[in-house]
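There are 4 protein chains.
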Amino acid sequence: MDNKELRIGVVGVGAIGRTHIERINDQLQGGRVIACSDVNTEFGKKVAENYGCTFYEDGEEMIASGDIDAVIVTTIDPYHEQYVMAAIKAGIYVFCEKPLAPEAEACKRIVEAEISGGKQLVQVGFMRRYDQGYRQLKEAIKNRTYGEPLLLHCAHRNPAVDESYDTPMAVENSMIHEIDVLRWLLDEDYDTAEVVFAKNTRRTHANLMDPQIMILTTKSGVRIDVEAFVNTGHCYDIKCEVCCEDAILNLPEPSNIEVCANAVRGHAIHSDWSTRFVDAYNVEIQEWINSTKEGRVDGPTAWDGYVGQVTAKAASKARDNQTVVKIEMEEKPDFYN
Amino acid sequence: MDNKELRIGVVGVGAIGRTHIERINDQLQGGRVIACSDVNTEFGKKVAENYGCTFYEDGEEMIASGDIDAVIVTTIDPYHEQYVMAAIKAGIYVFCEKPLAPEAEACKRIVEAEISGGKQLVQVGFMRRYDQGYRQLKEAIKNRTYGEPLLLHCAHRNPAVDESYDTPMAVENSMIHEIDVLRWLLDEDYDTAEVVFAKNTRRTHANLMDPQIMILTTKSGVRIDVEAFVNTGHCYDIKCEVCCEDAILNLPEPSNIEVCANAVRGHAIHSDWSTRFVDAYNVEIQEWINSTKEGRVDGPTAWDGYVGQVTAKAASKARDNQTVVKIEMEEKPDFYN
Amino acid sequence: MDNKELRIGVVGVGAIGRTHIERINDQLQGGRVIACSDVNTEFGKKVAENYGCTFYEDGEEMIASGDIDAVIVTTIDPYHEQYVMAAIKAGIYVFCEKPLAPEAEACKRIVEAEISGGKQLVQVGFMRRYDQGYRQLKEAIKNRTYGEPLLLHCAHRNPAVDESYDTPMAVENSMIHEIDVLRWLLDEDYDTAEVVFAKNTRRTHANLMDPQIMILTTKSGVRIDVEAFVNTGHCYDIKCEVCCEDAILNLPEPSNIEVCANAVRGHAIHSDWSTRFVDAYNVEIQEWINSTKEGRVDGPTAWDGYVGQVTAKAASKARDNQTVVKIEMEEKPDFYN
Amino acid sequence: MDNKELRIGVVGVGAIGRTHIERINDQLQGGRVIACSDVNTEFGKKVAENYGCTFYEDGEEMIASGDIDAVIVTTIDPYHEQYVMAAIKAGIYVFCEKPLAPEAEACKRIVEAEISGGKQLVQVGFMRRYDQGYRQLKEAIKNRTYGEPLLLHCAHRNPAVDESYDTPMAVENSMIHEIDVLRWLLDEDYDTAEVVFAKNTRRTHANLMDPQIMILTTKSGVRIDVEAFVNTGHCYDIKCEVCCEDAILNLPEPSNIEVCANAVRGHAIHSDWSTRFVDAYNVEIQEWINSTKEGRVDGPTAWDGYVGQVTAKAASKARDNQTVVKIEMEEKPDFYN
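Chains as they are written, first to last, in the working numbering: chain A, 1 to 337; chain B, 338 to 674; chain C, 675 to 1011; chain D, 1012 to 1348.
Here you go:
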């Protein structure tokens, strides 16, 4: 293993990008963010100065400069493709926040470029695979400790969203995480997608059906339902129940003190998304740094990013047409095995 | 209130019938089983002798005899109609174990006969309405303590069933309980029914898809999913999660001691259906005795029994055709308001 | 078993007495309260009329009348002895609410009278032995399912007490229940008692140390600590943790729905003593009626009442002297085996 | 803040020492172990080679060399004083695993040397202060969110110990952690100590009373009981229940998936000490590195180490004499405020 620090550049220094800079420079091991870029030059320069990085007006220039060993792409979604492609072209490792790209075709182009380049370089930021609870579920399922998984009942609950969050975003922004992690949990591909509505909460607005339920089936017949309820009013609550042949498994509750007051005995749960997966983000980036230094991609690949988008599109089509849509995917290339 | 003991007759003294005789005579107040009948005369006579009842070879004769004030019908399902009709004709109160009758048309005939008779006499044995946990949920929903209910996620899990339990029975024998109690919980009628399959457990047999999921929607748009998993291998586990606008509610766990042994901290759950609802059965029959003595029907009515069967048939049709079926019901007669 | 209803009289028709009349007449089987007595004649007559009982101005007269088969003593504590003695003299069964008598000597006189009478007639109202949770603990301990019990950690928490509740009452009124049920759980006698104080809650008053801790040891060396905290401000919470050689056991939580609201996931606990043990009271009185009709005393005996008071007195002496006191008890007479 | 890596030396490279080297070099930020020493030269050289450190035959030489900025002392307990003193003399920061020194007098000498040196340099390895659960309790208590703390009920349970673990070690090795963290939780000093025994588990051996209970009281009257049960047979289980005026608080359960199998619903708990506090150790050492680079001691001080040993000695004396012992401590020097 190469003991030198991985020299990392970050394209897009909004909130997510800056949290990655901070965790890499202040908490994690083996890497340092030495360069950054942002379409907003003035803002980007201030950020660079704050973190002691070199500022590049042009992200592609930074990627091709030879001054960084790896790049993190945290621009707004439509620009992911541009910078991931630049990284592939430059032959450097790239961590791209989800989604790999908004459109499935863009994801496919990235996959093809990566295969052409002959070397896996791309990791997509689906951090739930790094959550301790999901990892325990994965272990139990992988080892078939409790027999075959048959059904999954999941929930993705948010305190509130603003008016810019509309009906499609429940699938494409929120449940995209379930789309990836559940396929990884079960280690098999999806077959169909469906999205149905229920009664709306009074808290939602005209452009948002809330809650929604996404139903996925897998090739072997496992059935998954995911409730997205983004205006609960109070909690960020992630549920994943796996009904296996010999046991019912559930993600753990947050590890908070138990309080018995006001004749109620309970514990606090998360009230914001940022606290729920903070450890998972740290593990994710640390493992990315480690595997990058070892010349490997260990996490969600460009192919996983592509599958995620194809599935999300199928689900959106199912939602728009209120029908069940079959998920059409090519065979996974050997390149990704 | 009439303080004299209610003189009760039981038609059909199989296991369920005998548990009712025992609970009425040995545990509950205000009633006594003084007569019984069974198609199997020899067997019925022994039972009668054991419990100190008068044996009637003919159940209808017992009902019409004037010797009993009320009758409990616990014959096999196809004979429920005959004896309920006899009770209506005789003008005495009747508690009929679910289902009111296997066929919706039979239920309808009973409803029409009861209306013609001009007096509510029929109660159907949907005991979950008497379970303390469901009653707490009912209270919270009725008072809109946590806003409107939007989604329900339920599960009906069994340790094992034998080869005689086939695919239709998941709806018609098991989830018929959910069909009744959830309609009562939400206090509104169903709109559509759907039944889907998942991957089968290795424990099931050729004539049984297991697990199954029944999906019901209500007129106001609440969406309900019920998992029936009847060969879990180990547990009898009933789950009811109600997602309201301001809170997520769940039925309580069984009240068993907590044991921390073998590096696991947990509690026993039910391993048999009979222990899960034993208190509910007692409350159900006691409240039936009480209301009967007060000249009222307080529990699930013949109309509720009819609605239950119509819903079950719609769900079965949905299952057989793998489609969503609209539940067609007439308006509830004022008689039942 | 004698199928005729047990004719019961109640001496002392305050709140506790009236709840027993109601549960016997309206809920339980096999008995009826047909007579009552109270030192407050005017009040007692109204109660008698309300419940359809015959009123006796003189409780001892009621007991000796031959009109009742059994008597329940729910007078204030100092009068328990008088009426229990009267019942023994009349040779009828008596259920006496705890304490059997305030003074250990009075309990001893009752024991001696009962032995002289040659027949066990007395049961004392320690209802926790009839609580489902304690009964599960008892089963596990009796069968040594988890090895020997070594330590118990218990708590007896109350929302609030008024100014008349003083320091001695924590032992003599509240923890007297633990004194009885833990001896029954472990099925062995106590060796020493100790009572210590901690910091006082701001909610207490000048005459009440709150919380207090009572420490009991058994002859075989098991050590028990009981926290009495009677001004918690909000909850009635009973804890019993049994540390065995192979497992840690705990009483179950109250069986209430789980609510996830305001970013807290929990369940309501009892806020009043009356709801916590309501089932235990019903089981207790029903089993007393049943065993009385069978000519047996099955529950806590006069000896158990005597042991309870001796232990409470030793604990009080320990508290007053702030020392460890050895509990001196005679050998249990064969009469009680 | 100084951005250069802290150059750290480790004296004593047994198991604990090596875990610190690994976490500092591979997981944490801002420091690097560049040197080590061990009394076993041959062994120490191999370790040094394995971790890429310079080996010093003489630990004091390493400390005085000027080649390290800070030192971690993980020798066996009797040698802690020697190396901590050397660090104070050399004016470099020192992290000393608990206990600061086995004898209270040795701790006192260290305190006096540190005060003479004029600068706080010493941190003691009480890692529980860095556990997320304990930190949540600390927050609630510090803010008096639930009123004053009145009583604590704690437990320190182990799967098994070998024959070398004798009666005094329950206080001096195991409950020494409770001695430190509970004083930190309550932010006040102890008044008295007591150690009592219960019935022994069959799993213990002739030289070990197991379980034991240590009772501490604080100056303001809070009463703490700690159960040490080191041969539970299966679990590593840490309990801390804080009874405040307005609420009962408890440490969280380990964050493991819930499994419902074999008719039991529960979650795995720790079966080994190493997994329970692994995060706390990481946070502890990271915060030590951070504060050391900022020229501060933020964690448990030499004074805390001294208080810990005085308390442990008082508890041991109490245990040996089976009496309550008053804990005599000098006033905390301003130096440590």
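Virtual Cβ for every residue (Gly too), placed ideally from N, Cα, C.
Every value quoted in this text rests on a predicted model; they were computed, and no experiment measured them.
Give the straight-line distance between the Cα atoms of residue i and residue j, rounded to the nearest whole angstrom.
{"i": "residue 1149 of chain D", "j": "residue 258 of chain A", "result": "13 Å"}
{"i": "residue 1013 of chain D", "j": "residue 1056 of chain D", "result": "Below a pLDDT of 50, predicted positions are generally treated as unreliable, and residue 1013 of chain D, at 48, falls in that range; no measurement from the model is reported."}
{"i": "residue 960 of chain C", "j": "residue 214 of chain A", "result": "52 Å"}
{"i": "residue 894 of chain C", "j": "residue 771 of chain C", "result": "30 Å"}
{"i": "residue 1300 of chain D", "j": "residue 1028 of chain D", "result": "16 Å"}
{"i": "residue 367 of chain B", "j": "residue 620 of chain B", "result": "13 Å"}
{"i": "residue 147 of chain A", "j": "residue 228 of chain A", "result": "28 Å"}
{"i": "residue 791 of chain C", "j": "residue 774 of chain C", "result": "18 Å"}
{"i": "residue 828 of chain C", "j": "residue 913 of chain C", "result": "5 Å"}
{"i": "residue 628 of chain B", "j": "residue 403 of chain B", "result": "20 Å"}
{"i": "residue 1195 of chain D", "j": "residue 1323 of chain D", "result": "15 Å"}
{"i": "residue 874 of chain C", "j": "residue 880 of chain C", "result": "10 Å"}
{"i": "residue 753 of chain C", "j": "residue 989 of chain C", "result": "23 Å"}
{"i": "residue 1147 of chain D", "j": "residue 661 of chain B", "result": "50 Å"}
{"i": "residue 375 of chain B", "j": "residue 392 of chain B", "result": "8 Å"}
{"i": "residue 1025 of chain D", "j": "residue 1072 of chain D", "result": "19 Å"}
{"i": "residue 534 of chain B", "j": "residue 615 of chain B", "result": "30 Å"}
State yes or no: is the C-beta of residue i within less than 7 Å of the C-beta of residue j?
{"i": "residue 744 of chain C", "j": "residue 762 of chain C", "result": "no"}
{"i": "residue 748 of chain C", "j": "residue 683 of chain C", "result": "no"}
{"i": "residue 783 of chain C", "j": "residue 906 of chain C", "result": "no"}
{"i": "residue 276 of chain A", "j": "residue 236 of chain A", "result": "yes"}
{"i": "residue 461 of chain B", "j": "residue 670 of chain B", "result": "no"}
{"i": "residue 222 of chain A", "j": "residue 186 of chain A", "result": "yes"}
{"i": "residue 916 of chain C", "j": "residue 842 of chain C", "result": "no"}
{"i": "residue 926 of chain C", "j": "residue 593 of chain B", "result": "yes"}
{"i": "residue 152 of chain A", "j": "residue 248 of chain A", "result": "no"}
{"i": "residue 347 of chain A", "j": "residue 115 of chain A", "result": "In the structure as shown, chain A starts at 1 and stops at 337, and residue 347 of chain A therefore has no counterpart that could be examined."}
{"i": "residue 993 of chain C", "j": "residue 869 of chain C", "result": "yes"}
{"i": "residue 803 of chain C", "j": "residue 721 of chain C", "result": "no"}
{"i": "residue 441 of chain B", "j": "residue 418 of chain B", "result": "no"}
{"i": "residue 400 of chain B", "j": "residue 372 of chain B", "result": "no"}
{"i": "residue 605 of chain B", "j": "residue 448 of chain B", "result": "no"}
Drop a sphere of 10 angstroms on the beta-carbon of residue i, count the other beta-carbons inside from all chains shown, and report buried for 16 or more, exposed for fewer.
{"i": "residue 459 of chain B", "result": "buried"}
{"i": "residue 675 of chain B", "result": "Since the first and last residues shown for chain B are 338 and 674, residue 675 of chain B lies out of range."}
{"i": "residue 59 of chain A", "result": "buried"}
{"i": "residue 805 of chain C", "result": "buried"}
{"i": "residue 432 of chain B", "result": "buried"}
{"i": "residue 133 of chain A", "result": "buried"}
{"i": "residue 1333 of chain D", "result": "exposed"}
{"i": "residue 1341 of chain D", "result": "exposed"}
{"i": "residue 272 of chain A", "result": "exposed"}
{"i": "residue 463 of chain B", "result": "buried"}
{"i": "residue 1307 of chain D", "result": "exposed"}
{"i": "residue 602 of chain B", "result": "buried"}
query: At which residue ranges does the segment 778–804 of chain C contain complete alpha helix (DSSP H) runs of 4 or more residues, listed in the order of the chain?
result: Within the segment 778–804 of chain C, the complete alpha helix (DSSP H) segments of 4 residues or longer fall at 778–791, listed in chain order.
task: Quick one: which unbroken alpha helix (DSSP H) runs of 4-plus residues sit fully inside the segment 889–959 of chain C? Chain order, please.
output: Here the runs fully enclosed are 947–950.
query: Is the segment 523–540 of chain B close to the segment 583–600 of chain B, with three or more CB pairs under 8 Å?
result: no
task: At 3 residues or longer, and completely inside the segment 799–876 of chain C: list those beta strand (DSSP E) runs for me, N to C.
output: Correct list: 823–831 and 864–871.
task: Answer yes if the segment 47–61 of chain A comes into contact with the segment 20–36 of chain A, meaning at least three C-beta pairs across the two stretches below 8 Å, and no otherwise.
output: yes
field: Residue ranges of each beta strand (DSSP E) within the segment 52–98 of chain A, 3 or longer
entry: 54–56, 70–73 and 93–96
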